[in-house]
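Student: The structure follows.
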Amino acid sequence: MSAPDLNAVASYFLALQDTVCAALEREDDGGEFKEDRWTRDEGGGGRSRVLENGAVFEKAGVNFSHVTGAALPPSATAHRPEIAGKPYHALGVSLVIHPRNPFVPTTHMNVRFFMAGEGESATWWFGGGFDLTPYYGFESDCVHWHRIAKTACDPHGPHLYEKFKAWCDDYFYLKHRGEPRGIGGIFFDDYNATGFLKSFAFVRSVGDAFVPAYLPIVQRRKAETYGERERDFQLYRRGRYVEFNLVWDRGTHFGLQSGGRTESILMSLPPLVSWHYDWNPPPESPEARLYEQFLKPRDWANQT
Numbered sequence: 404m405s406a407p408d409l410n411a412v413a414s415y416f417l418a419l420q421d422t423v424c425a426a427l428e429r430e431d432d433g434g435e436f437k438e439d440r441w442t443r444d445e446g447g448g449g450r451s452r453v454l455e456n457g458a459v460f461e462k463a464g465v466n467f468s469h470v471t472g473a474a475l476p477p478s479a480t481a482h483r484p485e486i487a488g489k490p491y492h493a494l495g496v497s498l499v500i501h502p503r504n505p506f507v508p509t510t511h512m513n514v515r516f517f518m519a520g521e522g523e524s525a526t527w528w529f530g531g532g533f534d535l536t537p538y539y540g541f542e543s544d545c546v547h548w549h550r551i552a553k554t555a556c557d558p559h560g561p562h563l564y565e566k567f568k569a570w571c572d573d574y575f576y577l578k579h580r581g582e583p584r585g586i587g588g589i590f591f592d593d594y595n596a597t598g599f600l601k602s603f604a605f606v607r608s609v610g611d612a613f614v615p616a617y618l619p620i621v622q623r624r625k626a627e628t629y630g631e632r633e634r635d636f637q638l639y640r641r642g643r644y645v646e647f648n649l650v651w652d653r654g655t656h657f658g659l660q661s662g663g664r665t666e667s668i669l670m671s672l673p674p675l676v677s678w679h680y681d682w683n684p685p686p687e688s689p690e691a692r693l694y695e696q697f698l699k700p701r702d703w704a705n706q707t
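Its first residue numbered 404, the sequence shown is counted upward by one per residue in our numbering.
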């Protein structure tokens, strides 16, 4: 099994950040990302890019980080005692996009690489994926999203899409609410069984699929007319996004526990959000339709 090429991974992740930011700026027609380069005392750093108050994207964050350390905190090695006490590298690109129009879904994507130790004896793996969180459901958008995800997976192994879709449905689930965060996508972790070169090729396929998966949906929905009702529901559903990221998301927990940069870690949170006590959508409303027809795992990619 070939040794990991850390430089190649970092170069791809930096280029992916550039590609995604350029595509989002073109789509926003005037919005610009502000870049913040940072370092941390424990080792490593990153470049955070945030677009705020755009015409299309109310807030979009696309972050690259490459952090290093002499040893991971005990909470991060509890289930992997073999990496305890080893120097490590953790790097990746993570993005969250909160659109202005409630008919455009929120989305999240990340690709990441972790390595503890050095050379051929290093312990390493890739992780990542992308998922979609609509406020108002459109079947054609969901089918498109999942078919692009399947196309990204299929050349790299049979049943990868089915496996990683199920993992995504399982992971992005608010246990305290008993409901999914959105309509899913793909999610994977600890991915290294095919060796470094093939594993890295799969991760590039996932990263490269994000823009063609998301932007056509944005282009179809960004001019939809909406009013106070739709905006209020969007802010209410954004609360679920906040709850998941703070309560359940492993990436958020790892970043905070390992001394990561708080501003960059919490970049995923929306600019505006609201909670209503014990609220339920009116029966047979478009808001109820989201819960009844879209916030349930479905075989979107093979839907006719």
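We put the CB at the ideal spot given by N, CA and C, even for glycine.
Look at serine 671 and asparagine 648 and say whether their C-beta atoms are less than 8 Å apart.
Tutor: Counting from one through the sequence shown, the residue named residue 671 turns up at place 268. Counting from one through the sequence shown, the residue named residue 648 turns up at place 245. Yes.
Student: What's the C-alpha gap between alanine 425 and valine 507?
Tutor: Within the sequence shown, numbered from 1, the residue matching residue 425 stands at position 22. Within the sequence shown, numbered from 1, the residue matching residue 507 stands at position 104. So the alpha carbons of these two residues sit roughly 19 Å apart.
Student: Name, in chain order, the residues that DSSP records as bridge partners for serine 468.
Tutor: What you label residue 468 is simply residue 65 of the sequence shown in a count that begins at 1. In the DSSP output, where bridge partners are listed per residue, serine 468 has Gly449 and Gly495.
Student: Please specify which runs of the beta strand (DSSP E), each continuous and at least 3 residues long, are wholly inside the stretch 508-558, giving them in chain order.
Tutor: Correct list: 509-519 and 526-536.
Student: Is histidine 710 helix, strand or coil by DSSP?
Tutor: For residue 710 there is no data in the structure shown, the boundaries of the chain being 404 and 707.
Student: Find the nearest neighbour of leucine 475 within the set Lys699, Arg692, Phe517 and Glu565, judged by alpha-carbon distance.
Tutor: Position 72 of the sequence shown, counted from the first residue, corresponds to residue 475. Answer by Cα proximity: Phe517.
Student: Proline 490 to alanine 458, Cα distance in whole Å?
Tutor: One-based indexing of the sequence shown puts residue 490 at position 87. One-based indexing of the sequence shown puts residue 458 at position 55. The straight-line gap from Cα to Cα measures roughly 44 Å.
Student: On the CB-based measure, 16 or more other CB atoms within 10 Å of its CB, does threonine 536 come out buried or exposed?
Tutor: One-based indexing of the sequence shown puts residue 536 at position 133. Counting Cβ neighbours within 10 Å, threonine 536 comes out buried, since at least 16 surround it.
Student: Say whether the stretch 537-550 touches the stretch 599-610, bearing in mind that this needs 3 or more beta-carbon pairs closer than 8 Å, one atom from each stretch.
Tutor: The answer is no - the stretch 599-610 does not touch the stretch 537-550, with fewer than three Cβ pairs under 8 Å.
Student: Within this structure, are the beta carbons of tryptophan 651 and histidine 549 separated by less than 8 Å?
Tutor: Along the sequence shown, one-based indexing puts residue 651 at 248. Along the sequence shown, one-based indexing puts residue 549 at 146. Going by C-beta atoms, tryptophan 651 is not nearer than 8 Å to histidine 549.
Student: What residue ranges within the stretch 615-653 form continuous alpha helix (DSSP H) runs of no fewer than 4 residues, ordered along the chain?
Tutor: Complete alpha helix (DSSP H) runs here, min 4: 631-650.
Student: For the stretch 627-639 and the stretch 558-569, state whether three or more C-beta atom pairs, one from each stretch, are separated by less than 8 Å.
Tutor: Touching, no, given that fewer than three Cβ pairs across the two stretches are closer than 8 Å.
Student: Once the 5 residues before and after alanine 406 are set aside, which same chain residues still bring their CB inside 6 Å of it?
Tutor: As a position in the sequence shown, residue 406 is number 3, starting the count at 1. So the list reads Gly522 and Glu523, once near-sequence residues are dropped.
Student: Is there a C-beta anywhere in chain B that falls below 8 Å from the one on proline 407?
Tutor: Absent from the structure is chain B; it holds one protein chain and no more.
Student: Any contact between the stretch 653-669 and the stretch 614-632? By contact I mean 3 or more CB pairs, one from each, below 8 Å.
Tutor: Touching, no, given that fewer than three Cβ pairs across the two stretches are closer than 8 Å.
Student: Along the chain, where does the alpha helix (DSSP H) that runs through aspartate 431 open and close?
Tutor: Indexing the sequence shown from 1 puts residue 431 at position 28. Counting along the chain, the alpha helix (DSSP H) containing aspartate 431 begins and ends at 409-431.
Student: For leucine 419 versus valine 470, is the C-beta spacing smaller than 8 Å?
Tutor: Stepping through the sequence shown from its first residue, residue 419 is reached at position 16. Stepping through the sequence shown from its first residue, residue 470 is reached at position 67. No, the pair does not count as a contact, with Cβ atoms beyond the cut-off.
Student: Note down the Cα distance separating glutamate 565 from glycine 447, rounded to an integer number of angstroms.
Tutor: As a working note, residue 565 is residue 162 in the sequence shown. As a working note, residue 447 is residue 44 in the sequence shown. Distance between the alpha carbons of glutamate 565 and glycine 447: 36 Å.
Student: Using DSSP with H/G/I as helix, E/B as strand and the rest coil, what is glycine 434?
Tutor: Here residue 434 refers to the residue found at position 31 when the sequence shown is read from its first residue. Reduced to three states, the DSSP call for glycine 434 is coil.
Student: Going straight from the alpha carbon of alanine 493 to that of glycine 433, what length do you get?
Tutor: Your numbering for residue 493 matches position 90 in the sequence shown. Your numbering for residue 433 matches position 30 in the sequence shown. When rounded, the distance between both Cα atoms is 33 Å.
Student: If you draw a straight line from the alpha carbon of arginine 692 to that of proline 583, how long is it in whole angstroms?
Tutor: For the purposes of this step, residue 692 is taken as residue 289 along the sequence shown, with counting starting at 1. For the purposes of this step, residue 583 is taken as residue 180 along the sequence shown, with counting starting at 1. Cα to Cα, the separation comes out at about 14 Å.
Student: On the three-state DSSP scale, how would you describe lysine 462?
Tutor: Reading the sequence shown from its first residue, position 59 is the one you call residue 462. Reduced to three states, the DSSP call for lysine 462 is strand.
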